[in-house]
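Enquirer: Next up is a structure, given as structure tokens.
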Amino acid sequence: MEMINDFSLQGNKTSTNMLLFSSLFDLDLPKDGAVDQQQWHRWTVNAYLDIWMFFYLTVYVTLFDIFLTYFSLYSRTLVSAGKDLKDDFLKALAEREEANRRGKMTSLIFIRDHNPLGQEVSGYIDYAHRLKTQNFEAFFSGKKKLMPGRSDLCYYNWKTQVSTSNSSENFEVIYDDPGGLLFRNKRDKKVLNVDPESGPGEDSSRTILQSDLYLHVTIYDHIIRAL
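Take a look at the structure:
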């Protein structure tokens with residue numbers, strides 16, 4: 310029986326690898342199949358470099374495509390982007406849109422103005438909640454006025470004496486406190502005070518705006534710290 314030693318097996322394996330590499334990477338294999346150790350090592354290194362370069366480019370292109378997709382969606386999400394805003398109130402809303410959409414801030418909007426029937430109404434609006442549930446395109450384009458309604462945090466019609474209060478996903482309304490109307494943030498449990506004679510509270514600020522569109526506008530910003 311003919312014996313096959315380890316050297317002949319190793320030689321057959323090497324020859325097979327050479328043929329495989331030559332077909333995959335278009336190597337110029339000598340006709341007699343004679344390849345020295347250095348040349349074989351050089352081919353192997355180049356082949357692995359090609360593989361890593363292909364992998365790197367694939368990952369780079371994939372990440373770049375993800376970035377473009379995210380940027381496109383993000384740009385479409387900001388309704389105020391590209392709008393030529395004249396009124397200070399609308400400018401203030403645009404400045405806060407991103408932070409409210411991303412949960413870094415929850416803004417409370419107080420508005421006092423006349424409704425389409427000429428009745429004076431006032432109320433507090435959860436800006437972040439409204440952004441999620443309503444399209445602000447008409448507001449930022451000037452086709453429609455943002456007004457408080459009965460489904461907002463607080464609403465009062467000075468003509469009909471109708472008043473409502475509703476907690477939102479961001480704020481709990483506290484209307485029975487001796488100190489007056491308060492709003493508790495549901496994420497960090499901190500209280501926002503809307504009394505003009507008092508400070509707005511921890512991590513909160515008050516901005517009174519002059520607007521040509523409304524009788525009275527005030528924005529309360531509450532910063533959400535990492536919990």
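Position one of the sequence shown corresponds to residue 310 (our numbering), numbered consecutively onward.
We treat Cβ as the ideally placed atom computed from N, Cα and C, and that holds for glycine.
Buried or exposed for T367, going by 16 or more other Cβ atoms inside 10 Å?
Expert: Exposed, by the Cβ-count rule.
Enquirer: In the DSSP assignment, find the beta strand (DSSP E) that holds L518 and state where it starts and stops.
Expert: Element bounds for L518: S513 to L518.
Enquirer: Does DSSP put V368 in a helix, a strand or coil?
Expert: Three-state result, V368: helix.
Enquirer: Among V471, A401, T527 and S477, whose alpha-carbon lies nearest the alpha-carbon of E429?
Expert: Closest by C-alpha distance to E429, out of V471, A401, T527 and S477, is V471.
Enquirer: At the level of alpha carbons, what is the spacing between K452 and K395?
Expert: 13 Å
Enquirer: Just grab the DSSP bridge partners of F480 for me.
Expert: N494
Enquirer: Identify, in the order they occur along the chain, each residue of the same chain with its Cβ nearer than 7 Å to the Cβ of N502, setting aside the five sequence neighbours on each side.
Expert: L491, G508, P509 and G510
Enquirer: Which residue's Cα is closest to the Cα of G489: R496, P505, E406 and S513?
Expert: P505
Enquirer: Please return the same chain residues whose Cβ sits closer than 6 Å to the Cβ of I532, not counting the five positions on each side in sequence.
Expert: Contacts found: M414 and D512.
Enquirer: From W467, E406 and S416, pick the residue whose C-alpha is nearest to that of Y433; which is it?
Expert: S416
Enquirer: Please tell me whether, using a cut-off of 6 Å, the distance from the CB of N355 to the nearest non-hydrogen atom of the ligand NAP is below it.
Expert: The ligand NAP is absent from the structure shown, which contains no ligand whatsoever.
Enquirer: So for N475, helix, strand or coil by DSSP?
Expert: coil
Enquirer: When you compare only the Cα positions, how much space is there between Y436 and G458?
Expert: 13 Å
Enquirer: So, for T516: in the same chain, excluding its five sequence neighbours on each side, which residues have a beta-carbon less than 6 Å away from its beta-carbon?
Expert: I528
Enquirer: Give me the residue from L455, L402 and K441 with the minimum Cα distance to P425.
Expert: The candidate whose alpha carbon is nearest that of P425 is L455.
Enquirer: Using DSSP's beta-bridge definition, name the partner residues of I528.
Expert: I418 and T516
Enquirer: Using alpha carbons as the reference points, say which of K495, Y357 and H423 lies closest to K468.
Expert: H423
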